[in-house]
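Same order as they appear, the protein sequences are chains V and L.
Residues 8 to 198 (my numbering) are what the first sequence spells out, left to right.
Residues 8 to 198 (my numbering) are what the second sequence spells out, left to right.
2 protein chains.
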Amino acid sequence: MGEKGNTRELILETASRLFQIQGYYGTGLNQIIAESNTPKGSLYYYFPNGKEELAIEAIKYTEHVLLQKTKDILLSANDPITAFQLHINEIAADFEKKESIHGMPIGLIASETASTCEPIRKTCLVTFEKWQAVYAEKLIESGFPAEEAADLSILINSMIEGAIVLCLTKQSGKPMRIVAEKLPKLLSLEK
Amino acid sequence: MGEKGNTRELILETASRLFQIQGYYGTGLNQIIAESNTPKGSLYYYFPNGKEELAIEAIKYTEHVLLQKTKDILLSANDPITAFQLHINEIAADFEKKESIHGMPIGLIASETASTCEPIRKTCLVTFEKWQAVYAEKLIESGFPAEEAADLSILINSMIEGAIVLCLTKQSGKPMRIVAEKLPKLLSLEK
Numbered sequence: 008m009g010e011k012g013n014t015r016e017l018i019l020e021t022a023s024r025l026f027q028i029q030g031y032y033g034t035g036l037n038q039i040i041a042e043s044n045t046p047k048g049s050l051y052y053y054f055p056n057g058k059e060e061l062a063i064e065a066i067k068y069t070e071h072v073l074l075q076k077t078k079d080i081l082l083s084a085n086d087p088i089t090a091f092q093l094h095i096n097e098i099a100a101d102f103e104k105k106e107s108i109h110g111m112p113i114g115l116i117a118s119e120t121a122s123t124c125e126p127i128r129k130t131c132l133v134t135f136e137k138w139q140a141v142y143a144e145k146l147i148e149s150g151f152p153a154e155e156a157a158d159l160s161i162l163i164n165s166m167i168e169g170a171i172v173l174c175l176t177k178q179s180g181k182p183m184r185i186v187a188e189k190l191p192k193l194l195s196l197e198k
Numbered sequence: 008m009g010e011k012g013n014t015r016e017l018i019l020e021t022a023s024r025l026f027q028i029q030g031y032y033g034t035g036l037n038q039i040i041a042e043s044n045t046p047k048g049s050l051y052y053y054f055p056n057g058k059e060e061l062a063i064e065a066i067k068y069t070e071h072v073l074l075q076k077t078k079d080i081l082l083s084a085n086d087p088i089t090a091f092q093l094h095i096n097e098i099a100a101d102f103e104k105k106e107s108i109h110g111m112p113i114g115l116i117a118s119e120t121a122s123t124c125e126p127i128r129k130t131c132l133v134t135f136e137k138w139q140a141v142y143a144e145k146l147i148e149s150g151f152p153a154e155e156a157a158d159l160s161i162l163i164n165s166m167i168e169g170a171i172v173l174c175l176t177k178q179s180g181k182p183m184r185i186v187a188e189k190l191p192k193l194l195s196l197e198k
């Protein structure tokens with residue numbers, strides 16, 4: 008990747024991290040410029056339409072980074088319960104590392120902008136649906152009927168997003184560990 | 008309630024609504040003053056320490072309004088599955104009313120401030136724990152052992168918070184309806 012590509016990626020990486028932790032409205036462009044260590048002109052060069060455009064690209068960047076990671080971990084076990092527990096416990100572990108600051112991949116920016124910025128809401132919706140499609144695919148491969156898999160994928164997505172809110176507030180991975188622990192009941196094939 | 012009490016409550020009602028929809032960082036004090044139709048001096052009179060103090064009181068106000076509502080609906084059915092389904096479907100219905108704008112009672116402000124404002128984070132934590140205590144009490148009354156009830160109350164809280172994020176983004180009550188529908192599996196007493 009050339010110098011230019013690097014600068015754009017540095018900006019996106021910093022923006023997506025700050026939007027995750029502080030939110031869209033809590034993060035100013037000046038902080039993104041300062042923390043990405045890029046010249047002020049670069050942000051306006053790569054994102055001429057400003058903060059909204061940057062946020063949309065940052066959400067796509069987060070999606071790009073995390074979706075493949077999710078696919079990989081779900082592929083690492085055949086049994087869907089084991090696979091989803093690996094995925095969920097990996098998120099829990101993120102909240103148990105003392106040093107690092109964590110955020111919601113896109114849940115915070117989605118909530119902030121749902122009623123205030125239609126283009127960002129739509130981008131978040133597409134990203135959530137891609138996540139749910141990855142979950143549903145794993146469930147269908149494991150024998151769940153398509154409709155049941157679609158509903159369960161929305162439920163798993165809900166549980167993870169909500170547990171992130173509680174983990175952040177509690178500064179603990181415990182709510183996410185509970186999600187992993189209770190998952191077998193939800194994924195039992197019999198009703 | 009006297010004039011003064013009304014003014015304070017008007018400010019809190021407006022602040023809690025705006026923080027729910029637009030978030031803490033997305034809402035300015037001037038908007039709260041304008042939309043509450045109160046004199047500018049009143050906000051500074053009742054909340055001399057400014058926005059952070061107002062947010063903490065607004066969270067407590069939201070808690071006060073919604074916690075009793077939650078207790079009442081959980082009391083309206085003996086069977087815990089029915090009771091929680093009534094509670095969850097009532098939240099879903101809120102997202103299905105076309106006219107109204109909805110938010111996350113405290114999930115958005117909790118996520119925004121978890122790493123950025125310790126006094127607000129702690130207030131949100133207390134509120135979440137009160138909610139979970141109400142859920143746990145219902146489960147214990149229904150025969151769940153205390154520890155299991157505590158874990159399930161965190162799980163139900165997670166599912167609802169996460170489904171709110173998805174309902175907001177999807178502009179639909181469906182994610183919440185799925186939570187209600189799948190609840191019986193989670194609340195089955197056998198492992």
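We put the CB at the ideal spot given by N, CA and C, even for glycine.
Treat the numbers as computed from the prediction; the structure is a model and nothing was measured.
State the start and end residues of the unbroken alpha helix (DSSP H) segment that holds residue i.
i, result
"L/Pro-191", "181 to 193"
"V/Gln-178", "Run containing V/Gln-178: none; DSSP gives neither H nor E here."
"L/Asn-37", "36 to 43"
"V/Gly-48", "47 to 53"
Kindly list, in the order they appear in chain V, the residues whose Cβ is closer than 7 Å to that of residue i.
i, result
"L/Ile-167", "Gly-169"
"L/Gly-33", "Tyr-32, Glu-119 and Thr-123"
"L/Ile-185", "Asp-158, Ile-161 and Leu-162"
"L/Leu-132", "Thr-176 and Lys-177"
Hey, how far is the Cα of residue i from the Cα of residue j?
i, j, result
"V/Thr-120", "L/Gln-29", "7 Å"
"L/Lys-198", "L/Leu-190", "Per-residue confidence for L/Lys-198 stands at a pLDDT of 43, beneath the threshold of 50, marking its modelled position as unreliable; no derived number is given."
"V/Leu-36", "L/Leu-25", "23 Å"
"V/Tyr-68", "V/Ala-90", "24 Å"
"L/Leu-132", "L/Glu-20", "21 Å"
"L/Glu-59", "L/Ile-127", "7 Å"
"L/Leu-81", "L/Pro-87", "8 Å"
"L/Thr-77", "V/Gly-57", "42 Å"
"V/Pro-55", "L/Leu-162", "43 Å"
"V/Ala-153", "V/Lys-145", "11 Å"
"V/Ile-98", "L/Thr-14", "44 Å"
"V/Asn-85", "L/Glu-106", "45 Å"
"L/Tyr-142", "L/Glu-70", "14 Å"
"L/Pro-182", "V/Ile-108", "29 Å"
"L/Ile-167", "L/Val-186", "7 Å"
"L/Lys-177", "V/Ala-140", "15 Å"
"V/Thr-34", "V/Leu-61", "12 Å"
"L/Glu-155", "L/Ser-195", "12 Å"
"L/Glu-188", "L/Glu-64", "35 Å"
"V/Gly-9", "V/Val-72", "Model confidence at V/Gly-9 stands at a pLDDT of 49, short of 50, so the residue's coordinates are unreliable and nothing is read from them."
"V/Ala-22", "L/Glu-148", "47 Å"
"L/Gln-75", "L/Glu-136", "14 Å"
"V/Ser-43", "V/Leu-50", "10 Å"
"V/Ile-130", "L/Gly-150", "The residue you asked about is not Ile; residue 130 of chain V is Thr in the sequence shown. If you take the alpha carbons of V/Thr-130 and L/Gly-150, they lie about 44 Å apart."
"L/Tyr-52", "L/Ile-18", "11 Å"
"L/Ser-118", "V/Ser-83", "31 Å"
"V/Trp-138", "V/Pro-112", "12 Å"
"V/Ala-100", "V/Leu-173", "14 Å"
"L/Thr-123", "L/Ile-95", "30 Å"
"L/Ser-160", "V/Phe-102", "20 Å"
"L/Ile-40", "L/Gly-48", "9 Å"
"V/Asp-158", "V/Ala-170", "18 Å"
"V/Glu-27", "V/Ile-116", "In the sequence under discussion, the amino acid at residue 27 of chain V is Gln, which differs from the Glu named in the question. Their Cα atoms are separated by approximately 7 Å."
"L/Tyr-31", "L/Leu-193", "34 Å"
"V/Gly-114", "L/Glu-16", "30 Å"
"V/Leu-93", "V/Gly-180", "14 Å"
"L/Thr-134", "L/Ile-66", "8 Å"
Could you work out which residues of chain L lie near residue i, taking near to mean beta carbons separated by less than 7 Å?
i, result
"V/Leu-146", "Simply none; closest approach about 13 Å."
"V/Phe-135", "Leu-173 and Thr-176"
Anything in chain L within Cβ reach of residue i, meaning under 9 Å, just list it in chain order.
i, result
"V/Arg-128", "Leu-175, Thr-176 and Gln-178"
What in chain L is Cβ-close to residue i, meaning under 8 Å?
i, result
"V/Gln-29", "Tyr-32, Glu-119, Ser-122 and Thr-123"
"V/Lys-189", "Asp-158, Leu-159, Leu-162 and Leu-193"
"V/Ile-108", "Ser-122"
Residue i versus chain V: which residues are under 8 Å apart at the beta carbon?
i, result
"L/Ser-195", "Lys-192"
"L/Asp-101", "Within 8 Å Cβ-Cβ: nothing; L/Asp-101 doesn't reach chain V, min ~13 Å."
"L/Gly-114", "Ser-118, Gly-169 and Val-172"
Which bits of chain V does residue i rub up against, with CB to CB less than 9 Å?
i, result
"L/Pro-182", "Ile-161, Leu-162, Asn-164 and Ser-165"
In chain order, which continuous runs of the alpha helix (DSSP H) of length 4 or greater are located wholly inside the stretch 75 to 131 of chain L?
87 to 101 and 114 to 120
With a floor of 3 residues, list each beta strand (DSSP E) that falls wholly inside the stretch 123 to 175 of chain L, ordered by position along the chain.
none
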